[in-house]
Amino acid sequence: ETISVQDLEDMVGRTREDALFELTDAFGKRQGARTLVLAHRLQDNGMHALQILATMRNYLRKLMVFRSIQLQPDPVYRAGMSAGQFQREYLPALKKREEWTDMLKGHPYALFMSFAKAQDFSCTVLKNWLELLLQAEFRLKGSPLSADLVLDELFLTMLAAKRQER
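Numbering (our numbering), first residue to last: 390 to 555.
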């Protein structure tokens, strides 16, 4: 069987998507060294630093939306609820509100994991991180600093900050 260019593009696309997921996973777990290694590896494999920032912006935005939803009085989000409870009770109640429908698409377990991760961070921390990310984007676009240096400084600053109250 012959391997086509499309086969290679499909495989590389999945590999990059997996690597970006690994990056956000390491970041979400506050694994600084792993986050830096993955960011460098992505750049070494041809991914532009702005693409990495776009991925992080989408990840942080999603966490911020989910954290904000958790803070709403109805339906009540309970930290530590099981995946089953989330799928049977919380998610259907959220979907009935018909808000954030685009954000609530996807596999229920993936949504559960995202909600569980969002509860680890305050909206203030997430907002501050988005501001730091924007500053890094400006530096990438308008300063002579290397992309490695800008990303390293961003991730180290973000991950060094203590977790604030939820």
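Even for Gly, the Cβ is constructed at its ideal location relative to N, Cα and C. Model, not experiment: these values are computed from the prediction.
- In the structure shown, the three-state DSSP call for Arg486 is coil.
- Under the Cβ criterion (8 Å, minimum of three pairs), the region 465-484 does not count as touching the region 515-522.
- The beta-carbon separation of His429 and Asp509, rounded to 25 Å, does not stay under the 8 Å limit for a contact.
- With distances taken between CA atoms, Leu439 lies nearest to Leu543 out of Met547, Leu543, Ile458.
- When Ala415, Val394, Arg405 are compared, the shortest CA-CA separation from Asp433 is found for Arg405.
- Here Ala499 is exposed. Its C-beta has fewer than 16 other C-beta atoms within 10 Å.
- DSSP places Lys506 in the helix class (H, G or I) of the three-state scheme.
- Going by beta carbons, Leu522 and Leu431 fall outside the 8 Å limit.
- Under the rule that a run must span 3 or more residues, no beta strand (DSSP E) segment is found entirely inside the region 498-547.
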